[in-house]
Every structure is written in structure tokens, then in C-alpha cells.
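Q:
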Amino acid sequence: MKSFFLAGAGALLLGACAKAPAALPDTAALQSAAAPSGPYRTLNYQSPLAGFETYEPSGPASWRGVNEQQQENH
């Protein structure tokens, strides 16, 4: 516990002795990069659940009949 306290106090002490903090980067360059100013195609929203079919549980069935139904679908 003492080592964590000493490590935290040491970091604060070294931070206080440091020179002026570094300036933040210019955000104008980041905003211009995000602007859609190029020959890009528009991306339309597509639902990740499009084409999802709900399945209801069914009772026990013949395994042979179920296998044949699956073969017909592929």
C-alpha cells in the first residue's frame, strides 16, 4: 500500500516539476479530414437485422425428415 502511495506521490512531484504542458493538437485539421469533400459514395444505413427470420420452437420430429428438409434448403 505504501509503494502505491509513494509511486503516486512521485508522479505528482515529477509532474509539478515539469515545464509548461504540451499544447493540444489543432482540431481544424481533424475536422477537415472528416468533412465529406471527396468523390466518395454515400453509405446508406442497412439494418443488421434485415432478413432475420424468427424461429419458433417446435415439437420433436423425425430426425430423418429434419435432415431432408435441411438438404433441400442448401
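Mature numbering (1 follows the signal peptide of the UniProt record, and there is no 0) puts the sequence shown at residues -22 to -1, 1 to 52. Just so it is clear, CB atoms sit at the ideal spot from N, CA and C, and this is done for glycine as well.
What is the DSSP secondary structure of Gln24, counted as helix, strand or coil?
A: By one-based count along the sequence shown, residue 24 stands at place 46. Note: Gln24 maps to coil in three-state DSSP.
Q: For Thr32, which three-state DSSP category applies?
A: Position 54 of the sequence shown holds residue 32. Coil, per DSSP.
Q: Consult DSSP for Arg19 and reduce its assignment to one of helix, strand or coil.
A: Counting from 1 along the sequence shown, the entry for residue 19 is found at position 41. Coil, per DSSP.
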